[in-house]
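**Student:** One structure is given below, represented as structure tokens, and several questions about it will come after.
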Amino acid sequence: MAKILQIILLLFIFGIVAAIPIMLNNASFTGASSLGAGGASTAQLVNGVQEIKIHASTSGYSPSAFTVKKGIPVKLLFSADKYAGCGTQLIIPDFGVNVIASEGQEVPVQFTPNQEGVFAYRCSMNMFKGKMTVVA
Ligand SMILES: [Cu+2]
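Just so we're aligned: the sequence shown equals residues 72 to 207 in the numbering used here.
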């Protein structure tokens, strides 16, 4: 009887050890999206303008990361949920973007990224965050 318990215990421990890499994988995945509501996106070129939609919910911005090309005008279409709090505001300090979405409406804001790099966007209280990557 004791042997059987021992085998069950060993199987149980082996199960935990086998599960660790899976758990770690999931943890790093969650870490990547902790910036905001999640998701990465690439702007779509529409009539010579790079369009990107950003939506704020109570859990952050979606996408929380996007990529645009340098030197081509970017049109942000920003919208927010009613209860997104200070997330209804979107600020990209490096490009002078500061926009507030009124309920249920997309607010457009346009700027041209003139330098490469990774630039933060955030709410007015710096709680919701995202990253805009500008590539050549
Ligand atoms: Cu905030």
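All C-beta atoms in this analysis are idealised placements derived from N, C-alpha and C, irrespective of residue type, glycine included.
Quick check on DSSP: helix, strand or coil for Phe149?
**Tutor:** Phe149: strand per DSSP, three-state reduction.
**Student:** Can you tell me whether Ser173 is buried or exposed, with buried defined as 16 or more other CB within 10 angstroms of its CB?
**Tutor:** Result: exposed.
**Student:** Can you give me the Cβ contacts of Gln121 inside the same chain, cut-off strictly under 8 Å, excluding the 5 residues immediately before and after it?
**Tutor:** For Gln121, where only same-chain residues beyond five positions count, the Cβ hits under 8 Å are Ala114, Gln115, Val139, Lys140, Ile143, Pro144, Val145, Lys146.
**Student:** When you compare each of Ile162, Thr129, Met198 to Asp152 by their alpha carbons, which one comes out closest?
**Tutor:** It is Thr129.
**Student:** Does DSSP classify Gly158 as helix, strand or coil?
**Tutor:** Correct three-state label for Gly158: helix.
**Student:** Out of Gly131, Gly110, Ser112, Val189, state which residue places its alpha-carbon closest to the alpha-carbon of Gly158.
**Tutor:** Selected option, being the one with the closest Cα: Gly131.
**Student:** On the CB-based measure, 16 or more other CB atoms within 10 Å of its CB, does Tyr154 come out buried or exposed?
**Tutor:** Looking at its Cβ environment, which holds fewer than 16 other Cβ atoms inside 10 Å, Tyr154 is exposed.
**Student:** Is Pro179 helix, strand or coil by DSSP?
**Tutor:** In this structure, Pro179 counts as strand in the three-state DSSP scheme.
**Student:** How many angstroms separate the CA atom of Lys124 from the CA atom of Gly175?
**Tutor:** If you take the alpha carbons of Lys124 and Gly175, they lie about 13 Å apart.
**Student:** Identify the continuous beta strand (DSSP E) that holds Glu122 and give its terminal residues.
**Tutor:** That run of the beta strand (DSSP E) goes 120-128.
**Student:** CB of Ser195 to nearest heavy atom of ligand 1: below 7 Å?
**Tutor:** Result yes, Cβ under 7 Å from ligand 1.
**Student:** Taking 7 Å as the cut-off, is the beta-carbon of Phe199 closer than that to any non-hydrogen atom of ligand 1?
**Tutor:** Phe199 Cβ: within cutoff of ligand 1.
**Student:** Short check: CB of Phe190 to CB of Val205, under 8 Å?
**Tutor:** Contact flag set, yes.
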